[in-house]
Amino acid sequence: MNWEKELLPYHQATDELKAKFENIALQFERVEKTTPIFSVEARVKTVPSIISKAHRKKIPLDRVFGEIDDIAGLRIICRFVDDIHILTKLISERDDMKILLEKDFVNTMKPSGYRSYHFVVEYGLNTAFGKCSPRCEIQIRTLAMNFWAVTEHSLRYKYKGVIPETIKSRLVKAAEAAHALDSEMNAIRDDILDAEKSAKSREEMVRDIIHNIQELYGVSEMDAAQEMYNKFSTIWDVRNEEDLNHFYSDIQSIAQVHKIR
Ligand code: 0O2
């Protein structure tokens with residue numbers, strides 16, 4: 001079997017899907033100033049890992065591409081559990097990928113303690129050698145779920161798949177703690193997002209103010225620029241939100257008079 005050629009569509013699928021979800025993140029960020037996608041990771045299983053999974057599941061090598069769902073894998077990390085729901089809805093409404101399988105380990109934790117939302121999708125491609133539709137597993141999980149899963153995964157390697165019972169039960173307890181953290185963060189989600197949005201708009205305001213002061217210097221309004229700079233320094237030192245808002249609208253008006261921007 002020419003593994004390299006067989007795996008090409010899986011590489012293309014993960015590259016394209018990663019780019020698509022990163023764009024979705026960017027679009028959310030631009031319009032809503034926040035995004036349900038914290039990060040996107042993509043990988044194609046290595047040949048030894050495909051062979052070992054085939055061996056474990058008793059799949060003949062000539063059937064691996066038809067029977068192993070996660071040769072191409074995408075992992076979308078979110079901050080809040082509600083973000084997972086936003087993304088599952090978004091994925092189910094898309095017409096560029098066909099959902100073949102959906103597993104909700106977010107609401108129904110695996111006995112190991114594992115939590116994540118899985119989709120297996122079929123993704124249509126045009127490659128250098130024609131059209132094809134490889135399957136890709138999309139895992140969606142929070143940062144807390146990911147921390148748990150990555151840690152547990154490395155323990156599986158350390159113990160060669162046989163984790164001692166005491167560690168297993170500690171992992172289940174750790175999963176419950178991660179779940180409690182996710183629930184609490186989700187409950188205060190709106191407050192956290194509001195605080196982040198206002199911190200961001202403050203940052204934008206300060207950037208605009210500095211730009212306008214620089215432009216005033218640029219149009220040779222030295223006295224006005226110096227006066228604005230002094231006022232801004234005082235407000236900045238005192239850190240009063242209301243004063244900053246007033247100063248922002250003042251400097252916008254002055255910028256308009258001098259036809260800045
Ligand atoms: P890797 O090395 O991450 O790629 P199953 O039929 O249930 O035995 P299957 O068909 O692989 O397993 O489906 P499932 O259960 O949906 O698992 C798919 C992937 O989810 C796994 O791929 C893991 O990445 C992840 N996963 C599932 N259960 C666990 C778990 O208990 N702990 C951790 N850390 N990850 C899990 P692979 O190929 O098993 O592993």
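Heads up: the sequence shown begins at 1 in the working numbering, then just goes up one per residue.
Backbone N, C-alpha and C fix where the C-beta goes; we use that ideal spot for every residue, glycine too.
Quick caveat, the model's predicted, so the values are computed rather than measured.
Glutamate 221 carries a coil assignment under DSSP once its states are collapsed to helix, strand and coil.
Counting along the chain, the unbroken alpha helix (DSSP H) around isoleucine 84 starts and ends at 81-93. Sequence-distant Cβ neighbours of alanine 54 in its own chain, meaning closer than 7 angstroms and more than five residues away, are Leu61, Val64 and Ile68. Close to the ligand 0O2, as judged by a C-beta nearer than 6 angstroms to any of its heavy atoms, are the residues Lys53, Asp70, Lys103, Lys110, Ser112, Tyr114, His118, Ala149, Glu152 and His153, in chain order. With contacts defined as CB atoms closer than 9 angstroms, valine 40 and isoleucine 77 qualify as a contacting pair. In this model, leucine 87 and alanine 72 are separated by some 19 angstroms (Cα to Cα). In the three-state scheme derived from DSSP, where H, G and I count as helix and E and B as strand, histidine 179 is classed as helix.
Of the other Cβ atoms in all chains shown, 16 or more fall within 10 Å of the Cβ of valine 106; this residue is therefore buried.
When the Cα atoms are used, glutamate 203 and glutamate 102 turn out to be separated by approximately 41 angstroms. As a beta-bridge residue in DSSP terms, tyrosine 117 pairs with Asp104 and Ile140. Per DSSP, the unbroken beta strand (DSSP E) holding lysine 131 starts and ends at 130-132.
For the 9 angstroms CB-CB criterion, isoleucine 91 and isoleucine 138 form a contact.
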